[in-house]
Amino acid sequence: MSSPTTLNLDAQALYGALRQGVRSLLAAAPGTALVGIWSGGAWLAARLHADLALPGEPGVISSALHRDDFSERGLAAGGGTTKLPFAIDGQRILLIDDVLYTGRTIRAAINELYDFGRPASVALAVLVDRGGRELPIEPAFAAARITLAPAQRLSLARADDGRFSFACEEEGS
Amino acid sequence: MLSRRNPQLNRHGELIHLLSIEGLPKTVLTQMLDTAGTFLSVNDRDVKKVPLLRGKSVFNLFFENSTRTRTTFEIAAKRLSADVINLDIARSSTAKGESLLDTIANLSAMHADMFIVRHGESGAPYLIAEHCAPHVHVINAGDGRHAHPTQALLDMYTIRHFKGDFTQLTVAIVGDIVHSRVARSDIHALTTLGVPEIRAVGPKTLVPADLREMGVRVCHDMAEGIKGADVIIMLRLQNERMSGAMLPSAGEFFKHFGLTPDKLALAQPDAIVMHPGPINRGVEIDSAVADGTHSVILPQVTFGIAVRMAVMSTIAGNEA
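Each protein sequence line maps, in turn, to chains H and V.
Residues in the first sequence are numbered consecutively from 684, following the working numbering.
Residues in the second sequence are numbered consecutively from 64, following the working numbering.
In structure tokens, the structure reads:
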């Protein structure tokens with residue numbers, strides 16, 4: 684695993700790698716449904732769904748109602764709403780997210796998913812794995828693996844023309 | 064700068080108690096409506112429960128009778144995974160002479176996290192909010208003639224759901240306005256959300272003249288009051304709060320101010336009819352209207368659960 688300290692992430696190029704990775708995962712497990720985690724993951728899932736010409740609609744999942752930091756941070760404003768336009772029972776699910784860090788968002792999203800039924804399996808593909816896991820969660824595919832200081836916050840942005848880019852902020856700034 | 068801090072907000076301007084709509088900024092109201100929209104979808108799941116208030120104790124303190132409000136608060140708290148304790152106050156310690164604050168101190172010693180309070184005296188929830196521990200949150204579920212903020216929020220949610228935008232609407236509130244905490248809270252909410260025309264419609268004895276100072280158009284004629292209205296909020300005739308001869312009779316009231324299909328025809332063709340319940344058929348509303356296509360009275364009840372979930376989860380997550 685490489686560990687660049689300066690941030691030079693080409694989100695568009697990484698998206699191409701993610702598309703390849705997801706294509707392989709879907710080939711190995713046909714019938715898998717994409718579910719994007721609000722908000723960055725939902726953008727990625729929508730784009731992947733269109734680019735890979737998948738049938739139906741991708742799902743969107745919000746982790747807001749299952750977050751474990753609710754008592755400290757309260758209800759996240761603009762946390763999005765879960766929309767799963769297919770039955771979850773017995774369905775293979777591939778969760779899509781932009782940045783994987785502690786794994787807590789994924790844990791909350793899986794809990795949310797289970798409120799809708801019992802999936803056959805749940806896997807995860809992400810654009811960037813930035814390390815720092817606090818839970819035993821590993822992605823089936825990550826387009827990039829980097830190491831960032833805990834104070835750095837990495838998030839995906841989507842321009843009006845649909846192009847992706849990364850924003851990195853220092854916490855508390 | 065306010066000379067006195069709004070007791071409902073913490074120093075970051077976040078809601079920690081919900082006591083009244085008055086004084087709450089538009090951003091807080093809008094955020095609450097948006098959050099309620101998220102919770103509405105919880106009803107469609109296999110598991111109709113989310114863990115946000117897991118391990119918290121919510122005490123329903125109803126010093127006045129209520130079925131709908133108490134039940135929807137209870138359902139909302141349970142959908143958020145809270146433990147709910149219903150106290151039949153009228154038959155318990157207050158009847159034995161215990162003071163309100165002593166009751167609260169005792170319940171706090173039982174590790175209450177939230178009080179849902181309905182009280183016949185205006186201001187009782189404020190008193191509790193001022194004296195409870197910093198981690199305890201208070202929601203006003205109706206105090207005297209003063210305020211019923213969660214009803215106002217669910218009314219606003221209903222209006223936004225069916226009408227989309229507040230800034231072009233004419234809203235008529237009809238009936239016993241002088242005794243109505245719902246009317247008062249609705250007027251504050253509608254004003255804050257930018258409704259350009261709010262009308263208070265009813266006989267002189269039941270519509271306070273000082274409403275004009277709040278920018279409300281007062282109408283003592285039903286036809287004038289509901290003509291062209293997009294939203295009609297009917298109020299219950301509150302016999303239990305009336306002393307003296309404020310009305311000749313319920314029949315006389317229905318003749319002039321009861322909402323019948325004929326009168327409803329004066330409103331916009333796509334007008335919605337609301338009522339906080341319980342409805343008195345044949346007193347303030349005709350059955351044909353209450354059960355008709357314009358009526359959104361039952362959706363109001365469903366939205367009420369989502370709105371109360373939004374209020375409870377929002378205030379529980381904010382620190383004093």
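For each residue, glycine too, the CB sits at the ideal point set by N, CA and C.
Closer than 9 angstroms, Cβ to Cβ, to anything on chain V: give me those residues from the segment 738-750 of chain H, in chain order.
-> 745, 747, 748, 749, 750
Which residues in chain H sit within 7 angstroms of residue 73 of chain V, going by Cβ to Cβ distance?
-> The residue given as residue 73 of chain V occupies position 10 in the second sequence. The contacting residues do not exist; residue 73 of chain V stays about 11 angstroms from chain H at best.
Taking only beta carbons into account, state which residues of the segment 109-121 of chain V come closer than 7 angstroms to chain H, listed in chain order.
-> 109, 110, 113, 114, 115
Do residue 808 of chain H and residue 708 of chain H have their C-beta atoms within less than 8 angstroms of each other?
-> As a first step, residue 808 of chain H must be located in the first sequence, where it is residue number 125. As a first step, residue 708 of chain H must be located in the first sequence, where it is residue number 25. A contact, by the Cβ cut-off of 8 angstroms.
Do we get a CB-CB distance below 8 angstroms when we pair residue 213 of chain V with the residues of chain H?
-> For the purposes of this step, residue 213 of chain V is taken as the residue at position 150 of the second sequence. Answer no: the Cβ-Cβ gap between residue 213 of chain V and chain H never drops below 8 angstroms.
Using only alpha-carbon positions, find the residue among H:852, H:726, H:719, H:706 that is nearest to residue 845 of chain H.
-> Looking up residue 845 of chain H in the first sequence gives position 162. Taking residue 845 of chain H as reference, the option from H:852, H:726, H:719, H:706 with the minimal CA-CA separation is H:726.
Please check if any C-beta of chain V sits within less than 8 angstroms of the C-beta of residue 758 of chain H.
-> The residue given as residue 758 of chain H occupies position 75 in the first sequence. Output row for residue 758 of chain H: interface = yes.
Are at least three pairs of beta-carbons, each pair with one atom in the segment 87-102 of chain V and one in the segment 262-281 of chain V, less than 8 angstroms apart?
-> no
Is it right to say residue 110 of chain V is buried, meaning 16 or more other beta carbons lie within 10 angstroms of its own, or is it exposed?
-> Working through the second sequence from its first residue, we reach residue 110 of chain V at position 47. Counting every other CB atom within 10 Å of its CB across the protein chains shown gives residue 110 of chain V a total below 16, marking it as exposed.
With a cut-off of 8 angstroms on the beta carbons, I'd call residue 818 of chain H and residue 786 of chain H a contact; round off their distance for me.
-> Taking the first sequence and counting its residues from 1, the one referred to as residue 818 of chain H is at position 135. Taking the first sequence and counting its residues from 1, the one referred to as residue 786 of chain H is at position 103. With 8 angstroms as the limit, residue 818 of chain H and residue 786 of chain H qualify as a contact, their Cβ atoms being about 4 angstroms apart.
Local conformation of residue 66 of chain V per DSSP, three classes = Working through the second sequence from its first residue, we reach residue 66 of chain V at position 3. At residue 66 of chain V the pLDDT is 41, less than 50, meaning the model places this residue with poor confidence and gives no usable figure here.
Kindly say whether residue 764 of chain H, judged by its beta-carbon, lies nearer than 8 angstroms to any beta-carbon of chain V.
-> As a working note, residue 764 of chain H is residue 81 in the first sequence. For residue 764 of chain H, the answer is yes, since a Cβ of chain V falls inside 8 angstroms of its Cβ.
Can you give me, in chain order, the residues of the segment 800-815 of chain H that have a beta carbon less than 8 angstroms from any beta carbon in chain A?
-> The structure shown contains no chain A; its protein chains are H and V.
Residues of chain V with a CB under 7 angstroms from the CB of residue 753 of chain H: which are they?
-> Start at 1 with the first residue of the first sequence, and residue 753 of chain H comes out as number 70. Under the 7 angstroms cutoff, chain V gives 115, 380.
Using DSSP with H/G/I as helix, E/B as strand and the rest coil, what is residue 752 of chain H?
-> As a working mapping, residue 752 of chain H is identified with position 69 in the first sequence. Residue state, collapsed to three classes: coil.
Measure the C-alpha to C-alpha separation of residue 298 of chain V and residue 337 of chain V and round it to an integer number of angstroms.
-> Taking the first residue of the second sequence as 1, we reach residue 298 of chain V at position 235. Taking the first residue of the second sequence as 1, we reach residue 337 of chain V at position 274. Approximately 9 angstroms between the Cα atoms of the pair.
Identify, in the order they occur along the chain, each residue of the same chain with its Cβ nearer than 6 angstroms to the Cβ of residue 771 of chain H, setting aside the five sequence neighbours on each side.
-> The count along the first sequence starts at 1 and reaches residue 771 of chain H at position 88. Cβ neighbours of residue 771 of chain H within its own chain (closer than 6 angstroms, five residues either side excluded): 799, 800, 802.
Please determine if the segment 833-845 of chain H and the segment 141-153 of chain V are in contact, where contact requires at least 3 C-beta pairs separated by less than 8 angstroms.
-> No: the two stretches stay apart, fewer than three of their Cβ pairs being nearer than 8 angstroms.
Buried/exposed call for residue 248 of chain V, threshold 16 Cβ in 10 Å | For this step, residue 248 of chain V is matched to residue 185 along the second sequence. With 16 or more other Cβ atoms within 10 Å, it is buried.
Can you list the residues of chain H that residue 98 of chain V reaches, using a CB-CB cut of under 7 angstroms?
-> Reading the second sequence from its first residue, position 35 is the one you call residue 98 of chain V. Residues of chain H passing the Cβ test: 758.
Test: residue 365 of chain V CB closer than 8 angstroms to a CB of chain H = As a position in the second sequence, residue 365 of chain V is number 302, starting the count at 1. Answer no: the Cβ-Cβ gap between residue 365 of chain V and chain H never drops below 8 angstroms.
Cα-Cα separation, residue 260 of chain V to residue 775 of chain H | The count along the second sequence starts at 1 and reaches residue 260 of chain V at position 197. The count along the first sequence starts at 1 and reaches residue 775 of chain H at position 92. Roughly 53 angstroms between the two C-alpha positions.
Given residue 186 of chain V, which residues of its chain have a CB within under 7 angstroms of its CB, disregarding the five upstream and five downstream residues?
-> As a first step, residue 186 of chain V is located in the second sequence; it is residue number 123 there, counting from the start. Annotation for residue 186 of chain V: 206, 209 place their beta carbon closer than 7 angstroms to its own, counting only its chain and skipping 5 residues before and after.
Buried or exposed: which applies to residue 230 of chain V, given that a residue is buried once 16 or more other Cβ atoms fall within 10 Å of its Cβ?
-> Position 167 of the second sequence, counting from 1, holds the residue named residue 230 of chain V. Answer is exposed; the Cβ neighbour count stays below 16.
Would you say residue 376 of chain V reaches chain H, if we count a Cβ-Cβ gap shorter than 8 angstroms as a contact?
-> Counting from one through the second sequence, the residue named residue 376 of chain V turns up at place 313. Taking Cβ atoms only, chain H reaches closer than 8 angstroms to residue 376 of chain V, which makes this a yes.
Can you name the residues that DSSP bridges to residue 123 of chain V?
-> Counting from 1 along the second sequence, the entry for residue 123 of chain V is found at position 60. V:149, V:179.
Using DSSP bridges, identify the partner residues of residue 766 of chain H.
-> What you label residue 766 of chain H is simply residue 83 of the first sequence in a count that begins at 1. Paired residue(s): H:743.
How is the alpha helix (DSSP H) around residue 350 of chain V delimited, first residue to last?
-> Within the second sequence, the letter at position 287 stands for residue 350 of chain V. Segment 350-353, the alpha helix (DSSP H) holding residue 350 of chain V.
Residue 357 of chain V to residue 312 of chain V span [Cα, whole Å] | Sequence index remark: in the second sequence, residue 357 of chain V carries index 294 (1-based). Sequence index remark: in the second sequence, residue 312 of chain V carries index 249 (1-based). Going by the C-alpha atoms only, they are around 27 angstroms apart.
Output yes if chain H places a C-beta closer than 8 angstroms to the C-beta of residue 65 of chain V; else output no.
-> Position 2 of the second sequence, counted from the first residue, corresponds to residue 65 of chain V. Since pLDDT at residue 65 of chain V reaches only 44, below the 50 mark, its modelled position is unreliable, and the value read off the structure follows with that caveat. For residue 65 of chain V, the closest Cβ of chain H is not nearer than 8 angstroms.
Considering residue 294 of chain V, what are the terminal residues of the alpha helix (DSSP H) in which it resides?
-> By 1-based counting over the second sequence, the position of residue 294 of chain V is 231. No alpha helix (DSSP H) contains residue 294 of chain V, which is instead part of the beta strand (DSSP E) from 294-297.
Identify the contact partners of residue 350 of chain V in chain H, using a Cβ-Cβ distance below 7 angstroms as the criterion.
-> Residue 350 of chain V sits at position 287 when you count from the first residue of the second sequence. Those do not exist, as residue 350 of chain V stays about 37 angstroms from chain H at its closest Cβ, beyond 7 angstroms.
Delimiting residues of the alpha helix (DSSP H) encompassing residue 193 of chain V | Here residue 193 of chain V refers to the residue found at position 130 when the second sequence is read from its first residue. From DSSP, the alpha helix (DSSP H) with residue 193 of chain V extends over 187-194.
How long is the line joining the alpha carbons of residue 766 of chain H and residue 717 of chain H, rounded to whole angstroms?
-> Against the first sequence, residue 766 of chain H aligns to sequence position 83. Against the first sequence, residue 717 of chain H aligns to sequence position 34. Taking the straight line from one Cα to the other gives about 12 angstroms.
Runs of beta strand (DSSP E) wholly within the segment 798-853 of chain H (minimum 3 residues, chain order) | 804-812, 824-828, 835-841, 847-853
Is residue 326 of chain V near residue 289 of chain V, with beta carbons less than 8 angstroms apart?
-> One-based indexing of the second sequence puts residue 326 of chain V at position 263. One-based indexing of the second sequence puts residue 289 of chain V at position 226. Yes. Within cutoff.
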